[in-house]
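Engineer:
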Amino acid sequence: SSNDEYTIGERLGNGGFGQVYKYHNELLDLDFAIKVLDPLFSSEKDQANSEKRFFREAKMLFTLCHPNIVRIYDVGRLEGKPFIKMELVEGCDMNGLLKKHGNLTFENSLLPIIELLKGLEYAHHKGIIHRDLKPSNYMYSETCGYKIIDFGISAFTESEGYTKLTKTGEQIAGGLYTDPQLMENPTLRDCRSDIYSVGVMLNVLTTGKHIKEELNGGKLKGIIKKCTNISPDNRYSNVKELKKALETEQ
5 SSNDEYTIGE RLGNGGFGQV YKYHNELLDL DFAIKVLDPL FSSEKDQANS
55 EKRFFREAKM LFTLCHPNIV RIYDVGRLEG KPFIKMELVE GCDMNGLLKK
105 HGNLTFENSL LPIIELLKGL EYAHHKGIIH RDLKPSNYMY SETCGYKIID
155 FGISAFTESE GYTKLTKTGE QIAGGLYTDP QLMENPTLRD CRSDIYSVGV
205 MLNVLTTGKH IKEELNGGKL KGIIKKCTNI SPDNRYSNVK ELKKALETEQ
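Numbering (the working numbering), first residue to last: 5 to 254.
#1: CA-CA distance, PHE66 and LYS130?
#2: Quick check on THR252: buried or exposed, where buried means 16 or more other Cβ atoms within 10 Å of its Cβ?
#3: Since ARG81 is in the beta strand (DSSP E), which residue starts that stretch and which ends it?
#4: Pop quiz: GLY95 and MET64 are said to be a contact at Cβ under 8 Å. What is the actual Cβ separation, rounded to whole angstroms?
#5: Can you tell me the Cα-Cα spacing of SER197 and SER113, whole angstroms?
#6: Straight-line CA distance for LYS89 to ILE133?
#7: Strictly by DSSP, which residues pair up with SER145?
#8: What three-state label does DSSP hand TYR126 in the structure shown?
#9: Out of GLY222, LEU209 and GLY203, which one is the CA nearest neighbour of HIS105?
#10: Going by CA-CA distance only, name the one from ILE199, TYR27, ILE227 and LEU115 that's closest to TYR150.
#11: Is GLY203 buried or exposed, if buried means 16 or more other CB atoms sit within 10 Å of its CB?
#12: Taking the continuous beta strand (DSSP E) assigned at ILE38, which residues delimit it?
#13: In terms of residue numbering, what span does the alpha helix (DSSP H) encompassing LYS247 cover?
#14: I'd like to check one pair, PRO86 with LEU124: are the Cβ atoms closer than 8 Å?
#15: First and last residue of the beta strand (DSSP E) that includes ILE88?
#16: What residue range is occupied by the uninterrupted alpha helix (DSSP H) comprising TYR200?
#17: Considering only the alpha carbon of each residue, which of GLY100, GLU245 and LYS39 lies closest to ARG81?
#18: Any idea what DSSP makes of CYS69, helix, strand or coil?
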């Protein structure tokens with residue numbers, strides 16, 4: 005296929021699973037983001053299984069059409085590597101937001117968190133759990149508001165005998181935002197895993213600290229504690245319930 009219809013532009017970032025580039029479509033005169041996946045697999049069989057799972061998951065992601073979730077436009081292979089073409093969100097992630105504004109007050113943290121919960125509620129309704137929510141996966145852009153990115157990419161790391169390592173040897177699972185239940189059972193699909201991650205994000209946005217260090221005082225303390233309870237049964241049972249709790253605290 006001819007390449008004169010698009011240009012692969014600057015590299016936007018380096019996710020654990022590959023590279024993200026700016027992608028300019030000359031015919032539409034529009035920019036997109038293209039993520040070329042380049043994971044490390046222990047065997048060809050593993051790779052084939054993971055790719056199957058990845059494309060199956062990509063199919064589900066196509067059904068996600070919500071203002072708070074990055075749009076996926078196409079998947080395919082580029083030089084043999086699977087890619088996803090998606091909406092380009094130019095702005096900053098939540099880490100950038102914290103750098104710019106310092107810790108947010110409860111009131112100011114509500115806007116990004118409620119927008120995040122709207123996107124999650126929509127995805128959960130469709131049976132899709134993110135499972136890797138963290139500040140770098142949630143962006144703010146002046147033109148398109150708050151957007152959850154990297155939905156479903158976790159499919160790539162799930163093949164059974166596969167150690168969860170990226171090319172750099174960085175641990176994928178088991179960040180500070182990950183539900184401890186997921187660490188024990190990586191195939192778990194439970195909306196309360198996302199609720200756990202939201203709790204940690206809420207704490208980081210308001211205190212700059214992770215749960216392991218300290219809990220915010222005041223109104224949020226109880227909410228964060230409930231979100232991040234080690235037992236999923238003691239957390240909010242769904243996003244709607246958490247949203248309600250936050251809105252009644254205002």
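Positions of the beta carbon are idealized from the N, C-alpha and C atoms, including for glycine.
These figures come from a predicted structure and were not determined experimentally.
Structural biologist: With the given structure in hand:
#1: A straight line joining the alpha-carbon of PHE66 with that of LYS130 spans about 12 Å.
#2: THR252 is exposed by the Cβ-count criterion.
#3: Its beta strand (DSSP E) spans residues 76 to 82.
#4: Going by Cβ atoms, the distance from GLY95 to MET64 rounds to 26 Å, so no, they are not a contact pair.
#5: A straight-line Cα-Cα distance of about 20 Å links SER197 and SER113.
#6: Going from the Cα of LYS89 to the Cα of ILE133 covers about 20 Å.
#7: According to DSSP, which records beta bridges pairwise, SER145 is partnered with GLY149.
#8: Here TYR126 sits in helix by DSSP.
#9: Nearest of GLY222, LEU209 and GLY203 to HIS105, Cα basis: LEU209.
#10: Comparing Cα positions, the closest option is LEU115.
#11: Looking at its Cβ environment, which holds 16 or more other Cβ atoms inside 10 Å, GLY203 is buried.
#12: Element bounds for ILE38: 34 to 41.
#13: Element bounds for LYS247: 243 to 253.
#14: Against a cut-off of 8 Å, the Cβ pair of PRO86 and LEU124 comes out as no contact.
#15: Segment 85 to 91, the beta strand (DSSP E) holding ILE88.
#16: That run of the alpha helix (DSSP H) goes 195 to 211.
#17: Checking every option, the nearest Cα to that of ARG81 belongs to LYS39.
#18: For CYS69, the secondary structure class from DSSP, reduced to helix, strand or coil, is coil.
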